[in-house]
Structure formats: C-alpha cells, structure tokens
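Q: First the structure, which I've put down as structure tokens, then a few questions once you've had a look.
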C-alpha cells in the first residue's frame with residue numbers, strides 16, 4: 043500500500059522557505075545592504091573620525107544611559123503589569139490589557155507630542171512635579187519617559203504568556219509547604235520567568251537605542267545634553283552627508299545585533315540546560 047502523503051495547511055518547504063527568504067531580503071537585507079554600501083564609501087580613518095566625534099560620543103552616552111534606566115524601570119513595571127493581567131480578574135482588565143499595546147499602535151511622533159504636553163510645567167502631570175522642582179519635558183528625564191513608554195510592551199508581552207502557562211497551583215503548593223510569599227517568588231516563580239524577563243528587558247533596551255519620534259519632541263535636543271544618537275543621524279541626513287549618517291547608524295545597528303544574538307544564544311543555552319535537567 044502506498045504511503046499517503048501528509049497534508050499540510052501551508053505550502054511545502056521549498057515554497058515556504060523561498061517566499062520567507064524573499065521577504066526577508068526585501069524588508070531587512072536590502073535596507074541593510076544600502077547602509078553597508080554608504081558606509082563602505084568611507085575610509086577607516088574617516089569612519090572612525092565620524093563615530094568618535096565628541097558630539098556624537100555625547101549622544102551615545104545620553105542614549106545608552108536613558109535606555110538603560112528605561113529598561114530597568116520596564117523590568118519591574120512590565121513584570122508587575124504582566125502579573126496583574128494574568129493573576130487577577132477585575133472590571134476593565136481587557137481595556138488595560140489592550141492599553142499595553144498602545145505604544146505599538148500609536149505613532150511615535152504623536153506619543154512624543156503628547157508626553158511633552160503632559161509633562162510640561164503647565165501640563166497635567168508636569169505642574170505637580172514642578173512643585174517639587176522636577177522638570178521632565180525638554181530634559182534627560184523626558185528621554186527616559188519617552189523610551190519607557192515606547193518599549194514597555196516588550197516586557198509585558200514577553201512575560202505574560204509564561205505566567206499564563208505557569209498556573210497558580212505551583213504557588214499554592216509552595217504555600218502549603220510553608221514557604222513565604224517572598225520565598226515562593228524567588229524560588230518558584232522567578233526561575234521560570236527569568237529567561238522571558240531577561241529577553242523582554244533586552245528587547246526594551248534595544249528598542250530604546252533607536253527611538254526617534256517620541257524622543258525628539260520631549261528631549262529639547264540640546265547639544266551635549268539631550269541629543270540622542272538617532273537625532274545625530276537625522277542631522278547628518280539633513281546636511282546630505284549620507285555616508286556620515288550611515289556610519290553613525292552602523293554603530294546603533296551593531297549594538298542592536300550584538301544584543302539580539304546574545305539574547306538568542308542565552309535562550310538556546312537555557313533551553314539546553316533545562317532540557318538536560320528534565
């Protein structure tokens with residue numbers, strides 16, 4: 043009897059792989075090729091002079107420091123929101139769940155303008171912070187707020203599915219064995235969500251490195267103080283210095299790729315270790 047072919051919903055391997063590689067090349071590799079070609083027009087000394095310019099280096103420091111603070115905040119806040127959405131049922135939960143995706147749907151320029159208005163000294167939030175002499179709009183702190191807003195969904199949406207699969211019965215079993223809530227969190231819950239939490243935080247950091255629209259409207263864009271790297275790329279483009287813009291962009295791209303490869307490597311290593319233990 044001839045073996046019956048297994049029917050697949052999607053086309054065969056050749057068609058699926060071919061179409062996937064075509065769109066990967068069209069959407070990802072083609073723009074990257076243009077970036078590499080522009081950068082290749084520079085000699086090594088010219089490339090180094092551009093990326094090591096003091097003003098550009100200052101933008102690196104502003105961007106990385108703000109992205110780091112925003113990511114650390116998102117680590118705790120994103121975990122808290124994921125926990126609330128998975129462990130509790132309350133009126134408005136679906137609305138709150140939907141609002142977590144708002145930074146993805148909202149244009150970043152609109153987000154930047156809204157945040158700048160809300161946190162200005164006359165804004166809804168800024169007027170109360172001004173009483174404590176805390177300024178957000180047009181300061182480094184405003185950059186942190188913008189990066190936090192645009193990147194928090196990465197942590198929430200990465201941790202949330204893990205918590206949904208990790209049911210509350212494990213916590214109940216830990217409590218019956220005499221563990222305190224803190225012990226239950228650190229010994230039962232945290233080891234399970236740690237890879238997802240690390241991945242979401244790293245993605246949040248990577249996303250913040252390249253943020254532009256939301257940042258420029260609230261940062262003030264003061265040289266050496268509140269200029270981010272993406273703004274420096276935009277400035278070089280306005281000057282029609284495409285090679286310099288590509289050189290600065292390549293630094294951000296390289297940092298993002300290193301982080302992404304590091305995330306994938308750590309995930310595979312964790313899966314290998316957990317698989318071996320099981």
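In my numbering, the protein residues as written are 43 to 320. Cβ atoms here follow ideal geometry from the backbone N, Cα and C, with glycine treated the same way. A quick note: this is a predicted structure, and the numbers were derived from the prediction, not measured.
(1) Using only the alpha-carbon positions, how far apart do residue 202 and residue 127 sit?
(2) In chain order, what residues of the same chain lie with their CB nearer than 8 angstroms to the CB of residue 174, ignoring the 5 residues before and after it?
(3) Check whether the region 111-122 and the region 186-197 touch, using three or more Cβ-Cβ pairs below 8 angstroms as the test.
(4) By DSSP, does residue 301 sit in helix, in strand, or in coil?
(5) In the DSSP assignment, find the alpha helix (DSSP H) that holds residue 139 and state where it starts and stops.
(6) Considering just the uninterrupted stretch of the alpha helix (DSSP H) at residue 146, what are its terminal residues?
(7) Express the C-alpha separation of residue 63 and residue 43 in angstroms, rounding to a whole number.
(8) To the nearest angstrom, how far is the alpha carbon of residue 289 from that of residue 73?
(9) Quick one: Cα of residue 311 to Cα of residue 305, how far?
(10) Would you give the residue range spanned by the alpha helix (DSSP H) that residue 240 belongs to?
(11) Please list, in chain order, all residues of the same chain as residue 76 whose beta carbon is under 6 angstroms from its beta carbon, the five residues on each side excluded.
(12) So, for residue 186: in the same chain, excluding its five sequence neighbours on each side, which residues have a beta-carbon less than 8 angstroms away from its beta-carbon?
(13) Under the rule that 16 or more other beta-carbon atoms within 10 Å means buried, what is residue 275, buried or exposed?
(14) Let me check understanding here. Comparing Cα to Cα, which of 194, 182, 138 and 279 lies closest to residue 121?
(15) Give every residue of the same chain whose Cβ lies closer than 7 angstroms to the Cβ of residue 45, excluding the five residues on either side of it in the sequence, and list them in chain order.
(16) Select from 300, 284 and 295 the residue whose C-alpha is nearest the C-alpha of residue 71.
(17) Can you tell me where the alpha helix (DSSP H) holding residue 178 begins and where it ends?
(18) Could you give the DSSP three-state label for residue 166: helix, strand or coil?
(19) Judging by CA-CA distance, which residue of 277, 86 and 256 is the nearest neighbour of residue 265?
(20) Please state the DSSP three-state secondary structure of residue 192.
(21) Could you check what DSSP says for residue 116 in three-state terms: helix, strand or coil?
(22) Just to confirm, is the Cβ distance from residue 244 to residue 301 under 8 angstroms?
(23) Measuring only from the beta carbon, is residue 104 closer than 7 angstroms to any heavy atom that is part of the ligand MG?
(24) Figure out for me which residue from 102, 218, 80 and 199 has the closest Cα to the Cα of residue 241.
(25) Which word fits residue 79, buried or exposed, when buried means at least 16 other C-beta atoms lie within 10 angstroms of its C-beta?
(26) Say whether the region 152-164 touches the region 253-260, bearing in mind that this needs 3 or more beta-carbon pairs closer than 8 angstroms, one atom from each stretch.
(27) Thinking C-alpha only, which one of 158, 307, 269 and 308 is nearest residue 96?
(28) Express the C-alpha separation of residue 138 and residue 260 in angstroms, rounding to a whole number.
A: Result, derived from the coordinates:
(1) So the alpha carbons of these two residues sit roughly 8 angstroms apart.
(2) Leaving aside the five residues that flank residue 174 on each side, none in its chain has a CB nearer than 8 angstroms to its CB.
(3) Contact between the region 111-122 and the region 186-197 is present, because at least three Cβ pairs lie under 8 angstroms.
(4) In the structure shown, residue 301 sits in a helix (DSSP, three-state: H, G or I).
(5) Looking at the DSSP string, the run of the alpha helix (DSSP H) that includes residue 139 is 135-141.
(6) Run containing residue 146: 144-147, per the alpha helix (DSSP H) assignment.
(7) With a pLDDT of 45 at residue 43, under the threshold of 50, the modelled position of that residue is not reliable, and no figure is offered here.
(8) Looking at the two C-alpha atoms, the distance is approximately 14 angstroms.
(9) Going by the C-alpha atoms only, they are around 10 angstroms apart.
(10) From DSSP, the alpha helix (DSSP H) with residue 240 extends over 232-251.
(11) Result list for residue 76: empty, nothing under 6 angstroms.
(12) So the list reads 108, 111, 112 and 115, once near-sequence residues are dropped.
(13) Taking every protein chain shown into account, the CB of residue 275 has 16 or more other CB atoms within 10 angstroms, so this residue is buried.
(14) Measuring C-alpha to C-alpha distances from residue 121 to each of 194, 182, 138 and 279 identifies 194 as the nearest.
(15) Because residue 45 carries a pLDDT of 49, less than 50, the predicted location of this residue cannot be relied on, and no value is offered for it.
(16) In this structure, 295 is the residue among 300, 284 and 295 with its C-alpha nearest to the C-alpha of residue 71.
(17) Per DSSP, residue 178 belongs to no alpha helix (DSSP H) and is neither H nor E.
(18) The answer is coil: DSSP assigns residue 166 none of H, G, I, E or B.
(19) Among 277, 86 and 256, the Cα nearest to that of residue 265 is on 277.
(20) Assigned with DSSP and collapsed to three states, residue 192 falls in helix.
(21) Residue 116 falls in the helix class under three-state DSSP.
(22) Yes, the pair counts as a contact, with Cβ atoms nearer than the cut-off.
(23) Of ligands this structure carries none, so the ligand MG is not represented either.
(24) Selected option, being the one with the closest Cα: 199.
(25) So residue 79 ends up on the exposed side.
(26) With three or more CB-CB distances shorter than 8 angstroms, the region 152-164 counts as touching the region 253-260.
(27) Taking the Cα of residue 96 as reference, the smallest distance to any Cα among 158, 307, 269 and 308 is reached at 269.
(28) Approximately 25 angstroms, taken between the alpha carbons.
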